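Enquirer:
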Amino acid sequence: MVWDLSTSKCLRSWKEHEGPVMSMTCDTSGGLLATAGADRKALLWDVDGGFCTHYFKGHPDPHHLL
112 MVWDLSTSKC LRSWKEHEGP VMSMTCDTSG GLLATAGADR KALLWDVDGG FCTHYFKGHP
172 DPHHLL
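In terms of this note's numbering, the sequence shown opens at residue 112 and continues consecutively.
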């Protein structure tokens, strides 16, 4: 989920991970977001479009993936 901290409202939510997201990072332009989950998946997201652009499965440690 992406939250607006000034209003405490959820701006966007994605549901591709099968469990909690353990780490995430975004590029400097803010257009891409990478997430790593407890499900051992790493996903690359188009933030504006709200869809997953790339999917990587089977990583051993999502805490240190990104």
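C-beta atoms are modelled at their ideal positions from N, C-alpha and C, and glycine is treated no differently.
Just so it is clear, the structure is predicted and the values come from calculations on it, not from any experiment.
Does the pairing of the segment 127-147 with the segment 155-164 give three or more beta-carbon distances under 8 angstroms?
Expert: In short, these stretches touch, since the Cβ pair count reaches three.
Enquirer: So E127 packs on C163, CB below 8 angstroms; how close in whole Å?
Expert: 5 angstroms between Cβ atoms; contact.
Enquirer: Bridge partners of A145, per DSSP?
Expert: Looking at the DSSP assignment, A145 forms a beta bridge with T136, L155.
Enquirer: With a CB to CB cut of under 6 angstroms and the five nearest residues on each side skipped, what residues in its chain are close to H165?
Expert: The answer, listed in chain order, is L155.
Enquirer: Look at the alpha carbon of D172 and the alpha carbon of M112, and state the distance between them as a whole number of angstroms.
Expert: Spanning the two alpha carbons is a distance of roughly 21 angstroms.
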